[in-house]
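Sequence lines, in order, name chains E and D. Throughout the first sequence, residue numbering follows the UniProt record's numbering, covering 1 to 571 in sequence. Throughout the second sequence, residue numbering follows the UniProt record's numbering, covering 1 to 272 in sequence. Heads up, the beta-carbon is just placed ideally off N, CA and C, and yes, glycines get one too.
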Amino acid sequence: MAEPAYTVASDGETTGEEKSSSSFPEIAIGVDIGTSQCSVAVWNGSQVELLKNTRNQKLMRSYVTFKDEIPSGGVSNQLSHEHELFSGAAIFNMKRLVGRVDTDPVVHASKNLPFLVQTLDIGVRPFIAALVNNVWRSTTPEEVLAIFLVELRVMAEVQLKRPIRNVVLSIPVSFSRFQLTRIQRACAMAGLHVLRLMPEPTAVALLYAQQQQQMIHDNMGSGSEKIALIFNMGAGYCDLAVTATAGGVAQIKALAGSATGGEDLLQNMMRHLLPDSENLFLGHGINEIKLMGLLRVATQDAIHKLSSQDNVQIDVDLGNGSRICKVVNREEFEEVNRNIFEKCESLIIQCLHDAKVEVDDLTDVIVVGGCSYIPKIRDLVKHVCKIEVYKGMNPLEAAVCGAALEGAVASGISDPFGSLDLLTIQATPLGIGIRANGNRFVPIIPRNTTMPARKELIFTTVNDNQTEVLIVVYEGETEKAEENHLLGYFKIMGIPPVPKGVPEINVCMDIDASNVLRVLAGVILPGSQQPAVPVMEVRMPTVDDGHGWCAEALHRSYGSTLDLVTVQKKI
Amino acid sequence: MYKTKKLWTPLSTVVRRALPTTCHLTPYSPNSQIRSSSSRLETSSRVSLSLHYGHDFLGNLKFSAKSFCSQSAAKVDATTKRCWNCDAVAAGMAPFLYCDSCRSIQPVDFSVDYFQIFGLEKKYEIEVDGLEGKYKDWQKKLHPDLVHSKSEKEREYAAEQSARVIDAYRTLSKPLARAIYILRLEGVLVDEEQTVSDPELLTEIMEIREAVEEAMDSQALNQIQSQMKEKLEGSSSSFANAYRSRNFDEAVTCIQKMTYYQRANEEILKKL
Ligand SMILES: [Zn+2]
């Protein structure tokens, strides 16, 4: 067995800051590991610069092939042909799968990728494997991410001629805290320390803040506050933010996001071209993988062309006697993906609503990400926001540039011209709360709360003489508890036997400056000066893989015996 | 209502350990009423006021209210303030949260109130639009993201100062929170849960509640909502008058009204 190509440095699962040992600050690099492409950028002393690989590419494909003994990724590897990506040996789209269990619809939508994604539908991690010499070799999203993170690190080290340790990564808005721990795990495997995980549109917001500052320096802009909507849609995710910018400070007013992206457009189109494609692919034989690969390349190509032309001729020989020969026009593409475009529109409306911003208040609307080239996307953003799209950003480089700026700012670098006189004030992308009032999710820190944050709520027991309560912590937006992301659970025990509704159970949640979440819970009985039992303090998330399974088991084993309810507020 | 306050003490003690602090607080009675005052406003942002970072900002403010603020707008004696790092003397009248000479963040000084942080005269009616700019100016100097490479001590100062500026911003930008806060600076503690004794207000509350429950469609709800907004504005300006004439009993009544109107508004929003 060959040595793995990556090093396991530590299992550091935190975003906590490093103790600064040297007086010379190391500038953290910005990394964008996209679903389909990845890139690295760094502050070079006067501006942000994207690093290139040996083939002079700034944007590299996010995949790993397991063809040889040592896996290699898209940073260093040169594909002889696009189809090589669809031989079964290449694993990609891992940003869509990382930290998800096999009941997740996003995992199910990945089952017709040209490698193996197997589900048991019980809430454990899916089985993912690459086909190597007719053997399915198992891997994990973390391993795949770590392999190309190592390649990105090595590439940066060669060019910057120094060891790289600290990174700022851009991540989707909709990622749960559990998914963040998986990203940190992948970074740790690659010998990287995560200085910050930045929701992608907030990285863009920082870049926007810098550009606005620059305009003031150049006497072209005004110093007044500017409100911008950022719409960032790539292959895997659609992420939005509303930012209020003044004096180089980007205050995030609201975030919205969904695992909806170019991949969904592609799959809808593939289904449209070959209606039976999913069934054809169930067996995952070598021929079927090849067939799916051919269809994928042809469809992707067609979608790209439809961004600049009204119709496109698709002609693909699937090799099994069937051949797709068809002209597809832009209206057809838009009709096939109507639900996706509607989703995008509803996200924009939601984000503006959450930010309490009217369309008239918007100074700019910024559209970035791979999908920003699709005319329908630009049209729908323009239609909702009623202004022209901002022109000052490269749609494919904005997020990584913002991450690099944050890397420099967070590393304590200052710029004589004030170009790094910047700050992002983040907000929570998802609500965090507990299961209570039956099977409801009761948020304690609502989404879009300025960080750091601390909030608490009071609950009580539902049964007489209930001596234990189960605190199940979730993150998300859905009213039904189990439809949110489980972060962990613990029991408070030893509550004195009293009638239901008497004990006051105070649950407090704290997100500190390093984005670490702590949950505190205590019990007090009326007339008492002291808590009835020791206060519990738990750092979350505590769950590991298979957490969907956990929630189900908890529910089955305990029913409502350990439940709690919120203490009603008077109107 | 005082039931919950007892828990808050042990919880904040635990948190104080978890999130190390370096502030030297004036001792206060843990059973002081202050803690109960905001305890039922859980779902509004007010809760952070009393617990943020394990500090009882208000608990200290109670003392500062007596020892500083009541003595004519609390002109902080700047000449005695020196930077912990470079020993520079704080310049001018601006609150000394940050040293301009060596750019280091100072420990929290609880005698500086939220109005002073924003360079405002201590009065209820303020220009809310101006807050955001000042808030951002402070965050640019104080935010914990900006001090990664500094000492652990200063990173703690950053966390605390920045959290306090967030609190100050939230408190001052919301009329009800601002009203409660400004009374507290006068040493008047508002218990929003206090039983309503005014029969007129009681009847009104009942009527609002019924109206909300019976509202059939969003149009009806929107109508009640705009009524609530009007009433909120009305009691807000009555508060301003009461506060100006230092009629604190009347001011407390206004706060009670504002609290109910705001809750009704929240209920409507839930139904909409
Ligand atoms: Zn100094």
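In the DSSP assignment, E/Trp-549 falls within the alpha helix (DSSP H) that extends over 547-558. Judged by the Cβ position, E/Cys-238 fails to qualify as a neighbour of ligand 1 at the 7 Å threshold, every heavy atom of the ligand being at least this far.
Residues of the segment 153-167 of chain D with a C-beta less than 9 Å from any C-beta of chain E: Arg-155, Ala-158, Ala-159, Ser-162, Ala-163, Ile-166, listed in chain order. For the 8 Å CB-CB criterion, E/Ile-33 and E/Leu-113 do not form a contact.
Note that the C-beta distance between E/Cys-38 and E/Phe-148 is below 8 Å.
Within its own chain, the residues whose Cβ lies closer than 7 Å to the Cβ of D/Tyr-98, once the five positions on either side in sequence are excluded, are Ile-105, Gln-106, Lys-141, Leu-142, listed in chain order.
Note that the C-beta distance between E/Ala-436 and E/Ala-254 is not below 8 Å. Residue range 262-273 is occupied by the alpha helix (DSSP H) that includes E/Met-269.
Interface annotation for the segment 453-486 of chain E against chain D: Ala-453, Arg-454, Lys-455, Glu-456, Leu-457, Ile-458, criterion Cβ-Cβ distance under 8 Å. By the CB criterion at 8 Å, D/Leu-221 and D/Tyr-261 fall outside the cutoff. E/Ile-349 and E/His-547 have their C-alpha atoms spaced approximately 32 Å apart.
Secondary structure of E/Lys-67 (DSSP, three-state): coil. In the three-state scheme derived from DSSP, where H, G and I count as helix and E and B as strand, E/Asn-166 is classed as strand. At a Cβ-Cβ threshold of 8 Å, E/Ile-413 and E/Gly-431 do not count as neighbours. Put simply, the backbone Cα of E/Tyr-237 is about 41 Å away from that of E/Val-523. A direct Cα-Cα distance of roughly 19 Å separates E/Leu-206 from E/Asn-166. Taking a C-beta cut-off of 9 Å against chain E, the contacting residues of the segment 126-137 of chain D are Glu-132, Gly-133, Tyr-135, Lys-136, Asp-137, listed in chain order. In the DSSP assignment, D/Asp-167 falls within the unbroken alpha helix (DSSP H) covering 152-173. Secondary structure at E/Gln-57: coil, using DSSP grouped into helix, strand and coil. Interface annotation for the segment 332-362 of chain E against chain D: empty, criterion Cβ-Cβ distance under 8 Å.
Annotation: D/Arg-82 is outside any beta strand (DSSP E) and is labelled neither H nor E by DSSP. Chain order gives no chain E residues near D/Leu-221, where near means a beta carbon separation below 9 Å; the closest approach is about 14 Å. For E/Leu-265 against E/Leu-295, the beta-carbon gap comes to about 14 Å, at or over 8 Å, which does not count as contact.
Neighbours of E/Glu-200 in chain D, taken as residues at a C-beta separation under 7 Å, are lacking, since the least C-beta distance is about 17 Å. Listed by position along chain E, the residues whose Cβ is nearer than 9 Å to that of D/Leu-269 form an empty set, because the closest Cβ is around 11 Å away. Distance from the C-beta of D/Ala-158 to the nearest heavy atom of ligand 1 is not below 7 Å. For E/Glu-537, the uninterrupted beta strand (DSSP E) run begins and ends at 536-540, by DSSP.
The shortest C-alpha to C-alpha distance from E/Ile-340 to any of E/Lys-58, E/Leu-380, E/Ile-230 is the one to E/Leu-380.
With respect to the 8 Å criterion, E/Glu-142 and E/Ser-170 are not classified as neighbours on the basis of their beta carbons. Listed along chain E is no residue with a C-beta nearer than 7 Å to that of D/Gln-227; the closest approach is about 15 Å. Relative to ligand 1, the beta carbon of E/Ser-138 is positioned no closer than 7 Å to any heavy atom. Within the segment 148-211 of chain E, the runs of alpha helix (DSSP H) at least 4 residues long that lie entirely inside it are, in chain order, 177-189. Ordered by chain, the residues meeting the criterion of a beta-carbon within less than 6 Å of a non-hydrogen atom of ligand 1 are D/Cys-83, D/Asn-85, D/Cys-86, D/Ala-88, D/Cys-99, D/Ser-101, D/Cys-102, D/Ser-104.
In the three-state DSSP reduction, E/Gln-37 falls in the strand class (E or B). Nearest Cα to E/Gly-261 within the set E/Val-242, E/Gly-234, E/Lys-52, E/Ser-277: E/Gly-234.
Here E/Ala-241 is bridged, per DSSP, to E/Ile-230, E/Leu-255.
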